[in-house]
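In what follows, a structure is listed as structure tokens, so that the remarks can point back to it.
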Amino acid sequence: MKTGLTKFEAQSGNDWLPYRYPAVFCREATTDAGRLKIAASNDGAQLMLRLAALLRDPFAILYVLLVPRGGSEAGRYQSPWLDRDELTEVFDRFADFWEQDGRHHVWLHSPTDQATLVYDQHEVIYAYGPLEEYAAFLEAEGFTEADELNFPAPHGHCYHGEFDVMERELVSLPGWTHSPLQDGDEW
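The letter at position 161 of the sequence shown is residue 170 when you use the working numbering, and the numbering goes up by one with no holes.
And the structure:
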């Protein structure tokens, strides 16, 4: 269903244009073991799924709906535990929505590997867990390690009515639970 819609824009003069990061990642310090911040301008959901191939199931998806447009309630929608095939099925169904609309973040967690991947509305993936495995994978995919990866300023998030039906489908998947947004969900 690729439609070529823009998820993330930056201002250039008086114009708002689709923003594309270079193929880079950087390391960032956290209170724990650190994380990678990965540019995901092209096929970010599919990149996230390929990174998940380095992890073991079961998996859980946390869909964080920040700006509801399809009649849904803002909040966190958590999947039941998923095996790899089920995870792939969800990604295949919703990847275009996640990659072309800025109303949300998508989290993926592997408790077995104590690893989390977060594809956020700024078209970056935050990767926690086996950082060296992630870095080796990214370099093999043509990414370069950079000192930093910054969001453009000013920037904007695009929300498309074409995806309102997909929003409703996603938040009503069987077995998924809803909870309110938490502090820090919007950044």
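Ideal placement from N, C-alpha and C gives every residue a C-beta, glycine not left out.
Residue 84 is a Cβ neighbour of residue 188, given a cutoff of 9 Å. CA-to-CA, the gap between residue 167 and residue 28 works out to about 11 Å. Residue burial annotation: residue 154 is exposed, with fewer than 16 other C-beta atoms found within 10 angstroms of its C-beta. In the three-state reduction of the DSSP assignment, residue 61 falls in the helix class, which pools H, G and I. Per DSSP, the continuous alpha helix (DSSP H) segment holding residue 107 begins and ends at 93 to 109. Contact between residue 135 and residue 124 is absent: CB atoms are separated by about 11 Å, not below the 8 Å threshold.
Under the 8 Å Cβ criterion, the region 115 to 134 counts as touching the region 37 to 52, having at least three qualifying pairs. Take residue 66, set aside five residues on each side of it, and the residues of its chain with a beta-carbon closer than 6 Å to its own are 92 and 93, in chain order. Its chain contains 103 and 106 as the residues whose beta carbon lies nearer than 7 Å to that of residue 175, once the 5 sequence neighbours on both sides are disregarded; these appear in chain order. Counted as a single uninterrupted DSSP element, the alpha helix (DSSP H) harbouring residue 146 occupies residues 140 to 149.
Under the three-state reduction of DSSP output, residue 177 falls in the helix class. Measuring C-alpha to C-alpha distances from residue 88 to each of 76, 62, 116 and 63 identifies 116 as the nearest. Taken through DSSP and simplified to helix, strand or coil, residue 165 comes out as strand. In this structure, 75 is the residue among 75, 64, 112 and 171 with its C-alpha nearest to the C-alpha of residue 192. Per DSSP, reduced to three states, the secondary structure at residue 171 is helical. Separation of residue 34 and residue 22 (C-alpha to C-alpha, rounded to the nearest whole angstrom) is 27 Å.
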